[in-house]
Amino acid sequence: MSLTPQEMQATRTSFQENITLLNQSFEEIAQTLNTSTAYVQAVANLDAVYIEDPWILKNYLEGQLQHSGKKPIPFTALKGDFHQYWFLDSQRIEAGKLERSN
1 MSLTPQEMQA
11 TRTSFQENIT
21 LLNQSFEEIA
31 QTLNTSTAYV
41 QAVANLDAVY
51 IEDPWILKNY
61 LEGQLQHSGK
71 KPIPFTALKG
81 DFHQYWFLDS
91 QRIEAGKLER
101 SN
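Just so we're aligned: the sequence shown equals residues 1 to 102 in my numbering.
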């Protein structure tokens, strides 16, 4: 899935807004997702090692926000059912963990 520069910027903005709304530190998010703080920041900036990683972070943020009674900021590019995208490893996304990266 290739994003236009505008879609990339909108996605980065959605990540930042959702992280701010969740009010968890990058360290807390990283610990839950089994990775480093730097890698969570990289994924939120769309500089991920795996194409599935933004989906994992998105799903985590949306789930945590919904659990806390907050409405997530919508993502305009990462939308729909990831199972429908043939090029994504849905099992990796369902596992909900990012590769440990320093």
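Even glycine gets a Cβ: it sits at the ideal position worked out from N, Cα and C.
query, result
"CA-CA distance, residue 18 and residue 12?", "10 Å"
"Which of the three DSSP states is assigned to residue 49 in this structure?", "coil"
"Comparing alpha-carbon positions, which option in 88, 73 and 22 lies nearest residue 2?", "88"
"Report back the beta-carbon spacing between residue 65 and residue 22 to the nearest angstrom; my notes put them in contact at under 8 Å.", "6 Å"
"According to DSSP, is residue 58 helix, strand or coil?", "helix"
"What distance in whole Å lies between the Cβ atoms of residue 61 and residue 72, which are believed to be in contact at a cut-off of 8 Å?", "7 Å"
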